[in-house]
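Chemist: According to numbering that gives the first Met the number 0, the sequence shown is numbered sequentially starting from 0.
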Amino acid sequence: MDAPKEAGLRNVSSVCSIPEMDDFELTKLLDRPRLTIKRERSFDERSLSEMSISRGLDNLDIAYSPGGRSGFDTPASSTRNSFEPHPMIAEAWDSLRRSLVHFRGQPVGTIAAYDHASEEVLNYDQVFVRDFVPSALAFLMNGEPDIVKNFLLKTLQLQGWEKKVDRFKLGEGAMPASFKVLHDPERKTDTIVADFGESAIGRVAPVDSGFWWIILLRAYTKSTGDLTLAETPDCQKGMRLILNLCLSEGFDTFPTLLCADGCSMIDRRMGIYGYPIEIQALFFMALRCSLAMLKLDAEGKEFADRIMKRLHALSFHMRSYFWIDFQQLNDIYRYKTEEYSHTAVNKFNVIPDSIPDWVFDFMPTRGGYFVGNVSPARMDFRWFALGNCVAILSSLATPEQASAIMDLFEARWEELVGEMPIKICYPAIESHEWRIVTGCDPKNTRWSYHNGGSWPVLLWLLTAACIKTGRPQIARRAIELAESRLLKDGWPEYYDGKNGRYIGKQARKYQTWSIAGYLVAKMMLEDPSHLGMISLEDDRQLKPIIKRSASWTC
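1) In whole angstroms, what separates the C-alpha of residue 537 from that of residue 371?
2) Starting from the C-beta of residue 419, find all residues in its chain whose C-beta is less than 6 Å away, skip the five residues before and the five after it, and write them out in chain order.
3) Fully enclosed by the stretch 332-358, which beta strand (DSSP E) runs are 3 residues long or longer?
4) Just the Cα atoms here: how many angstroms apart are residue 472 and residue 110?
5) By Cβ distance, which residues of its chain are closer than 7 Å to residue 349, with the 5 residues on each side in sequence left out?
6) Label residue 318 either buried or exposed according to how many other C-beta atoms from any shown protein chain fall within 10 Å of its C-beta, with 16 as the threshold for buried.
7) Run through DSSP, which three-state label would residue 378 get?
8) Check whether the stretch 409-425 touches the stretch 464-484, counting contact only when three or more Cβ pairs, one atom from each stretch, lie closer than 8 Å.
9) What is the rounded straight-line gap between the Cα of residue 182 and the Cα of residue 106?
10) Here's the rule: buried if 16 or more other CB atoms are within 10 angstroms of the residue's CB, otherwise exposed. What is residue 219?
11) Pull up the distance between the alpha-carbon of residue 135 and that of residue 533, whole angstroms please.
12) Buried or exposed for residue 383, please, with buried defined as at least 16 other CB atoms from any protein chain shown within 10 angstroms of its CB.
13) Within 10 Å of its beta-carbon, does residue 357 have 16 or more other beta-carbons around it, so buried, or fewer, so exposed?
14) Using the C-alpha atoms, what's the distance from residue 483 back to residue 244?
15) Which residues does DSSP pair with residue 188 in a beta bridge?
16) My output table needs one value for residue 283: the three-state DSSP class, helix, strand or coil.
17) So, for residue 440: in the same chain, excluding its five sequence neighbours on each side, which residues have a beta-carbon less than 7 Å away from its beta-carbon?
18) I'd like the list of long-range same chain contacts for residue 132, defined as Cβ closer than 7 Å, with 5 residues on each side in sequence excluded.
19) Compute the Euclidean distance between the alpha carbons of residue 146 and residue 228, then round it to the nearest angstrom.
20) Give me the Cβ distance between residue 503 and residue 448, rounded to the nearest whole Å; I'm assuming they're in contact under 8 Å.
21) In this structure, how does DSSP classify residue 502 when only helix, strand and coil are distinguished?
22) Can you tell me whether DSSP reads residue 223 as helix, strand or coil?
23) Counting C-beta neighbours from all protein chains within 10 Å, is the total for residue 535 16 or more, i.e. buried, or is it exposed?
24) Residue 288 by DSSP, collapsed to three states: which one?
25) Kindly indicate which three-state DSSP category residue 453 falls into: helix, strand or coil?
26) How many Å lie between residue 126 and residue 285 at the Cα?
27) Where DSSP assigns a beta bridge to residue 99, which residues make up the other side?
28) Rank 184, 263, 309 by C-alpha distance to the C-alpha of residue 386 and give the top, closest one.
29) Thinking residue 153 and residue 102 are a contact (beta carbons under 8 Å), I'd like their distance in whole angstroms, please.
30) Quick check: what's the CA-CA separation for residue 299 versus residue 239?
31) Alpha carbon to alpha carbon, what distance is there between residue 90 and residue 187?
32) What is the residue span of the beta strand (DSSP E) that residue 322 lies within?
33) Which residues mark the beginning and the end of the alpha helix (DSSP H) in which residue 459 is found?
34) Can you give the Cα-Cα distance for residue 526 and residue 427, rounded to whole angstroms?
35) Please state whether the Cβ-Cβ distance between residue 337 and residue 294 is less than 8 Å.
36) Using 10 angstroms around the beta-carbon of residue 456, count the other beta-carbons present and answer buried if the total reaches 16, otherwise exposed.
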């Protein structure tokens with residue numbers, strides 16, 4: 000059949016289409032061979048020249064990385080690029096390589112932290128799926144794809160394991176949160192032990208693992224040009240199993256995914272149950288990545304049809320009901336309640352008195368963001384970094400919304416970035432609300448860990464979002480802040496305090512994704528074409544006509 004060859008990424012210039020779906024034109028949905036980074040309103044022409052990016056703006060259109068070694072590998076390679084490499088680059092690479100985990104002689108991932116000073120190892124000596132993503136991107140950008148391929152195949156094997164929590168069997172497509180390689184020096188054997196949530200705090204399965212796996216598979220394909228991996232029967236089946244978990248029909252009235260607390264990067268009770276922005280943004284991105292890689296055989300066409308219908312519904316729902324800016328906040332403030340009809344404006348019956356006081360001062364005249372959660376009579380107005388950055392990269396956010404999110408970063412720099420990039424969420428919950436929402440969690444006290452802590456790993460997501468929206472100067476400013484302390488402080492997992500000034504009270508040192516996140520951010524600034532492996536173009540087919548504040552277009 001010719002269709003399967005045209006469906007995936009076999010030809011970089013190919014476009015997938017489904018003739019039977021007249022109402023769902025796919026011609027613009029799949030990735031194009033050239034990634035166009037638009038110059039938005041606040042794009043600073045001088046910023047790129049000041050960074051001395053030798054490739055120039057014309058080459059930003061490259062859709063995928065050439066797979067060559069980055070100029071940031073070691074100081075010795077500085078002769079190949081116009082950057083003066085920061086002294087901590089070589090230290091970062093050494094630390095990242097020390098975290099490598101091998102299975103039967105082959106590297107299959109990186110451990111979460113390499114902290115010899117810590118008395119309790121807990122699960123920081125395991126390979127976490129979400130934690131490995133920035134490490135994988137660093138290796139891909141540095142021309143070392145083998146470890147990424149090994150990781151993808153090994154976790155795919157783990158997906159096929161029978162998964163049980165007590166007497167309940169998990170869905171067949173569930174991906175592990177983490178795995179650990181056990182070495183037996185006497186028998187000279189290696190075995191793997193995987194955790195699908197049965198050992199996690201709260202016993203929650205990781206909803207995000209499957210999405211990150213799909214996103215990373217696409218990144219590997221775009222970076223290396225190796226199309227054979229994604230097209231193998233095992234990878235095709237793995238994607239379909241993950242998608243089947245998410246696209247199955249139930250009692251849902253919304254296209255968003257209903258999730259438990261602790262199912263993502265915020266893996267402890269933090270009031271994100273319901274429809275958290277992080278999961279919805281990753282879900283959207285994984286759907287689009289899958290659509291680009293699925294073969295259009297009989298099974299593939301069925302999934303492509305379901306994906307397209309979900310994408311249309313999900314994009315409309317998120318852009319309509321999760322988005323907030325000055326005008327929308329004012330509208331919610333004036334909402335009527337108890338509306339009963341199809342013409343209701345306040346469709347979720349959000350009570351205006353439930354709007355927290357802080358959001359009125361936090362919201363600038365220019366700017367906006369996707370709120371943390373929306374469900375019946377509940378709107379979580381907290382700002383979450385990962386969800387908003389992924390919304391930009393996946394083009395869940397329209398170009399106008401993406402620009403507004405960057406406006407918010409600039410307007411509220413002290414709150415969202417402070418002295419160490421960047422806040423995982425804002426603001427922190429405290430006092431009586433903290434006791435109710437977290438269950439008095441001693442680790443998630445105010446301005447610490449997941450409760451308003453500052454996480455250096457998020458630097459790579461911020462940098463990618465900045466490059467895509469034409470604001471590299473924001474990323475450079477954030478990276479300079481991180482460089483002033485990260486190495487000196489021993490690459491902490493997170494920082495505490497309202498401004499991110501203090502090393503986290505329980506933060507592990509030599510946290511692998513803090514190291515990898517920094518490297519990825521630096522390499523993307525050096526060569527913005529790397530953005531193509533982790534970014535998707537905007538699709539006008541999915542853009543509803545919605546009237547919002549002037550801050551989108553100013």
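Virtual Cβ for every residue (Gly too), placed ideally from N, Cα, C. Remember, it's a predicted structure, so these values are computed and weren't measured experimentally.
Modeler: The answer reads as follows:
1) Cα to Cα, the separation comes out at about 22 Å.
2) Sequence-distant partners of residue 419 (beyond 5 residues in either direction) whose C-beta falls short of 6 Å from its own C-beta, in its chain, are 453, 494, 499.
3) Taken in chain order, the complete beta strand (DSSP E) segments of 3 or more residues contained in the stretch 332-358 number zero; there are none.
4) Looking at the two C-alpha atoms, the distance is approximately 32 Å.
5) 331, 334, 376, 378.
6) Within 10 angstroms of the beta-carbon of residue 318 lie 16 or more other beta-carbons, which makes it buried.
7) In the structure shown, the three-state DSSP call for residue 378 is strand.
8) In short, these stretches touch, since the Cβ pair count reaches three.
9) A direct Cα-Cα distance of roughly 14 Å separates residue 182 from residue 106.
10) Here residue 219 is buried, its C-beta having at least 16 other C-beta atoms within 10 Å.
11) The C-alpha of residue 135 lies about 11 Å from the C-alpha of residue 533.
12) By the Cβ neighbour-count rule, residue 383 is buried, with 16 or more other Cβ atoms within 10 Å of its own.
13) Classified as exposed, residue 357 has fewer than 16 neighbouring CB atoms from the shown chains inside 10 Å of its CB.
14) Between the C-alpha atoms of residue 244 and residue 483 there is a straight-line separation of about 44 Å.
15) Note: residue 188 sits in a beta bridge opposite 183.
16) It is helical.
17) Once the five neighbours on either side are set aside, the close Cβ partners of residue 440 are 267, 268.
18) Contacts found: 211, 215.
19) Approximately 13 Å, taken between the alpha carbons.
20) Indeed they touch by this definition, with Cβ atoms about 6 Å apart.
21) Note: residue 502 maps to strand in three-state DSSP.
22) In this structure, residue 223 counts as helix in the three-state DSSP scheme.
23) That one is buried.
24) Of the three classes helix, strand and coil, the one that applies to residue 288 here is helix, per DSSP.
25) In this structure, residue 453 counts as strand in the three-state DSSP scheme.
26) Distance between the alpha carbons of residue 126 and residue 285: 21 Å.
27) Residue 99 pairs with 109.
28) Considering only alpha carbons, the answer is 263.
29) Contact between residue 153 and residue 102 is confirmed by a C-beta separation of about 7 Å, below the 8 Å threshold.
30) A direct Cα-to-Cα measurement between residue 299 and residue 239 gives close to 8 Å.
31) If you take the alpha carbons of residue 187 and residue 90, they lie about 32 Å apart.
32) Residue 322 -> beta strand (DSSP E) spans 322-324.
33) Its alpha helix (DSSP H) spans residues 458-467.
34) Rounded to the nearest angstrom, the two C-alpha atoms are 35 Å apart.
35) No; because the gap between Cβ atoms is not below 8 Å, this pair is not in contact.
36) By the 10 Å Cβ count, residue 456 comes out buried.
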